[in-house]
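Colleague: This is the structure, below, for whatever I ask next.
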């Protein structure tokens, strides 16, 4: 997208500039758009085509009529000018093709701006200092001063006093529709007698379907050996998969007695190519050695590689060695038939095709960098050296950017290992549930150490370059014998006086081999018993168990406290011993609780008390449970003015199966009317609570009763006397 945007900007700048004319000759934009390999853009007498190299790089070819013109690599923003054509390439899209801007140099024809003037079908109608009206093909056009406009195949400009006419070329785009594109840039070569030349022919299938490529030599000198080869084998036809490129080789062996000019014709499917070959006698040792290279400068992103093809031929037996000098920390080497070589042996008349491969580091500086290539030829006729300089323009770099390491940890069966510990230098990380870890690091060399319980430790060295995203997979192998023990809880609850519930224990064999485990308990209090069973209901004791590799088994622990055991927390240790000698100890805390059962009885639930007197009764407390009852508190609630005493009011602890008692004294105030009253008794402990009431019947003293009766008699007598007196009246 970035390159397409830059292409649009480039076109916009060109279009903004073309209306302003300043000379008799003018570069005018005549075409902007995409060209696919195989399409032909005709601009006047010129034709422009796009072809791809074996490495996928686009090249632009320009011809004038039937004459061969020139070609160049379509680097973004570069510009090639050939006679009256200038081509500026933009971005390349595998579907749309190469975006190009084509300028054409046109010659002006100036006419004095005055009414009635007629030229090339144009008629000037009216002229002012700022405008001119022109009629063409029945249409009237008004031009402002210092502006221009296109009309048909012409460009008109009005300067204020002069009308300048430019005739534009005819522009036609022919879409071949062909999916097979052949790239062979050679049209004429010079060779020496006895020499063998190998020239690359690139065939690209732009379609998605497989096609058959048919190749053949149509004509060649009678005594010359000429053929088309693929990987050293002469071919007639072969299949080419969609979206792929085939690299053929046109091999020409020139006889020792050859001389003059010759022509070779060959065809790839329906396309015919003609190569002109000039044969001349070498004047000396150096002139007989030829070095061909179609590419001298490449645009490369840091972290990628560049390849420069190099064809070397010699008319005599010779050893050819190549030396390379690249910038510091860059890697450069030469290959021959996909093998890294530095020296080869050539027989008389043969040629060899080298690839100079340059690996650009990710921290390379932006700009141009030179790769110097030294070619030394040692043969029967002497020794010579030749030097070639290639240039790599780094247009994008990752210098100073952090690298990203994407680590996947798997076991020996390929399954991810979650929660593995990963140590990189002095930092420790962990893999997620999918066994993955992604971390940003500074560029450099690191030792990655992966470990996890039950696995053998693994180490691997890794080198990270600037801005690099590197994926790394490390396999850690399971140990031969390893297991883990898991319990249902850290606490085993047991209630005194009830049947112990089974406590689940799981043993998982994480090793590579089957294993057997002995079971044991340590730290059990005196007179306590424990046993292991295969199931919760089983009563058969288990002392050892066998577990297959990769599987787990669950056993059950049952602990029986002694009859006199006291509630509390007890620490025991589960011991599991593998047949390999590996031992796991798991602490278990037993929480022993008792049954709390407090029973309270009153000696008397009914008391009769004479007002002004007091009386005692007893309250009995029994602990029928299996655990001590603690912090017993006795309280009473009585009518207002009454006094209730409890002795003792609190009892710190009452052991199981033990009784205790307390005295309750109730004092009724004098003058309390006779009747029934309630005194509520409450007994509270840390574990339980009890409450009930005592019925208190209050009576008066005997003298008081007599006085009361006497007062009643006096009152009765008084009433009778009053009735008699009143009745007489």
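Residue numbers (my numbering): -11 to 717.
All C-beta atoms in this analysis are idealised placements derived from N, C-alpha and C, irrespective of residue type, glycine included.
1. Please list, in chain order, all residues of the same chain as residue 709 whose beta carbon is under 6 Å from its beta carbon, the five residues on each side excluded.
2. Going straight from the alpha carbon of residue 310 to that of residue 298, what length do you get?
3. Could you compute how far the alpha carbon of residue 498 sits from the alpha carbon of residue 465?
4. Mind checking residue 661: buried by the 16 CB within 10 Å criterion, or exposed?
5. Use the C-beta contact count for residue 403: other C-beta atoms within 10 angstroms, 16 or more gives buried, fewer gives exposed.
6. Among 213, 502, 546 and 572, which residue has its Cα nearest to the Cα of residue 487?
7. How would you label residue 702, buried or exposed, when you count the other beta carbons within 10 angstroms and need 16 or more for buried?
8. In terms of alpha-carbon separation, which member of 191, 246 and 384 lies closest to residue 766?
9. Can you tell me the Cα-Cα spacing of residue 439 and residue 224, whole angstroms?
10. Would you kindly report the start and end of the unbroken beta strand (DSSP E) that includes residue 188?
11. Could you name the residues that DSSP lists as bridge partners for residue 470?
12. Can you tell me whether DSSP reads residue 615 as helix, strand or coil?
13. Hey, quick one: how far does the beta strand (DSSP E) through residue 403 stretch, first residue to last?
14. From which residue to which residue does the beta strand (DSSP E) around residue 459 run?
15. What did DSSP end up calling residue 712 once you bin it into helix, strand or coil?
16. Is residue 367 buried or exposed, if buried means 16 or more other CB atoms sit within 10 Å of its CB?
17. Taking the CB atoms as reference points, tell me whether residue 142 and residue 84 lie closer together than 8 Å.
18. Tell me the rounded alpha-carbon separation between residue 468 and residue 574.
19. Of the residues 212, 635, 643 and 640, which one's Cα is nearest the Cα of residue 653?
20. Quick check on residue 520: does DSSP put it in helix, strand or coil?
21. For residue 483, which beta-bridge partners are listed by DSSP?
22. Can you give the Cα-Cα distance for residue 616 and residue 592, rounded to whole angstroms?
23. For the candidate residues 434, 595, 205 and 73, whose alpha-carbon lies nearest to that of residue 664?
24. By the three-class DSSP mapping on this structure, what secondary structure does residue 49 have?
25. Taking the alpha carbon of residue 672 as the reference point, which residue from 203, 619 and 537 has its own alpha carbon closest?
26. Within 8 Å, do at least three Cβ pairs link the stretch 86 to 101 to the stretch 58 to 75?
27. Look at the alpha carbon of residue 10 and the alpha carbon of residue 157, and state the distance between them as a whole number of angstroms.
28. Which one of 407, 285 and 443 has the shortest CA to CA distance from residue 401?
29. By DSSP, does residue 220 sit in helix, in strand, or in coil?
30. At a cut of 8 Å, does the stretch 449 to 457 reach the stretch 427 to 436 through at least three beta carbon pairs?
31. For residue 480 and residue 667, what's the separation of their Cα atoms in angstroms?
32. Which runs of the alpha helix (DSSP H) at least 4 residues long sit entirely within the stretch 357 to 428? Give them in chain order.
33. Tell me residue 340's beta-bridge partners as DSSP assigns them.
34. Mind checking which residues open and close the beta strand (DSSP E) that includes residue 433?
35. Bridge partners of residue 627, per DSSP?
Modeller: With the given structure in hand:
1. Working through the chain shown from its first residue, we reach residue 709 at position 721. The answer is none, since no qualifying residue turns up.
2. The residue you call residue 310 lines up with position 322 of the chain shown. The residue you call residue 298 lines up with position 310 of the chain shown. About 11 Å.
3. For the purposes of this step, residue 498 is taken as the residue at position 510 of the chain shown. For the purposes of this step, residue 465 is taken as the residue at position 477 of the chain shown. Residue 498 and residue 465: Cα-Cα distance of roughly 11 Å.
4. By one-based count along the chain shown, residue 661 stands at place 673. Exposed is the call here.
5. What you label residue 403 is simply residue 415 of the chain shown in a count that begins at 1. Counting Cβ neighbours within 10 Å, residue 403 comes out exposed, since fewer than 16 surround it.
6. Position 499 of the chain shown, counted from the start, is the residue given in the question as residue 487. Taking only the C-alpha atoms, the option nearest residue 487 is 546.
7. To locate residue 702, count along the chain shown from 1; it is residue 714. Answer is exposed; the Cβ neighbour count stays below 16.
8. Look at the range of the chain in this structure, -11 to 717, and you will see that residue 766 is not part of it.
9. In the chain shown, counting from the first residue as 1, residue 439 sits at position 451. In the chain shown, counting from the first residue as 1, residue 224 sits at position 236. Near 59 Å, if we compare the C-alpha coordinates of residue 224 and residue 439.
10. For the purposes of this step, residue 188 is taken as residue 200 along the chain shown, with counting starting at 1. First-last of the beta strand (DSSP E) with residue 188: 184 to 193.
11. Residue mapping note: residue 470 aligns to position 482 of the chain shown, counting from 1. Paired residues: none, contrary to the question.
12. Position 627 of the chain shown, counted from the start, is the residue given in the question as residue 615. Residue 615: coil per DSSP, three-state reduction.
13. The sequence position of residue 403 within the chain shown is 415, counting from 1. Element bounds for residue 403: n/a, residue is neither H nor E.
14. Against the chain shown, residue 459 aligns to sequence position 471. Residues 457 to 463.
15. By 1-based counting over the chain shown, the position of residue 712 is 724. In the structure shown, residue 712 sits in a helix (DSSP, three-state: H, G or I).
16. Locating residue 367 in the chain shown gives position 379, counting from the first residue. It is buried - the Cβ of residue 367 has at least 16 other Cβ atoms within 10 Å.
17. Along the chain shown, read from residue 1 onward, the residue named residue 142 stands at position 154. Along the chain shown, read from residue 1 onward, the residue named residue 84 stands at position 96. Result no, Cβ atoms of residue 142 and residue 84 do not sit closer than 8 Å.
18. Numbered from its first residue, the chain shown carries residue 468 at position 480. Numbered from its first residue, the chain shown carries residue 574 at position 586. Near 22 Å, if we compare the C-alpha coordinates of residue 574 and residue 468.
19. Taking the first residue of the chain shown as 1, we reach residue 653 at position 665. Answer by Cα proximity: 635.
20. Position 532 of the chain shown, counted from the first residue, corresponds to residue 520. Correct three-state label for residue 520: strand.
21. Sequence index remark: in the chain shown, residue 483 carries index 495 (1-based). Bridge partners of residue 483: 581.
22. As a first step, residue 616 must be located in the chain shown, where it is residue number 628. As a first step, residue 592 must be located in the chain shown, where it is residue number 604. Cα to Cα, the separation comes out at about 27 Å.
23. Position 676 of the chain shown, counted from the start, is the residue given in the question as residue 664. Nearest option by C-alpha distance: 595.
24. As a working note, residue 49 is residue 61 in the chain shown. Of the three classes helix, strand and coil, the one that applies to residue 49 here is strand, per DSSP.
25. Position 684 of the chain shown, counted from the start, is the residue given in the question as residue 672. Closest by alpha carbon: 619.
26. yes
27. Translated into positions along the chain shown, residue 10 becomes position 22. Translated into positions along the chain shown, residue 157 becomes position 169. Per-residue confidence for residue 10 stands at a pLDDT of 39, beneath the threshold of 50, marking its modelled position as unreliable; no derived number is given.
28. To locate residue 401, count along the chain shown from 1; it is residue 413. The shortest C-alpha separation from residue 401 is found at 443.
29. To locate residue 220, count along the chain shown from 1; it is residue 232. Of the three classes helix, strand and coil, the one that applies to residue 220 here is coil, per DSSP.
30. Here the stretch 449 to 457 makes contact with the stretch 427 to 436; the two share three or more CB pairs at distances below 8 Å.
31. As a working mapping, residue 480 is identified with position 492 in the chain shown. As a working mapping, residue 667 is identified with position 679 in the chain shown. Cα-Cα distance, rounded: 45 Å.
32. none
33. The residue given as residue 340 occupies position 352 in the chain shown. Residue pairing for residue 340: DSSP places it in a beta bridge opposite 300.
34. The count along the chain shown starts at 1 and reaches residue 433 at position 445. For residue 433, the enclosing beta strand (DSSP E) covers residues 432 to 439.
35. Translated into the one-based positions of the chain shown, residue 627 becomes position 639. Answer by DSSP bridge pairing: none, since residue 627 is not bridged.
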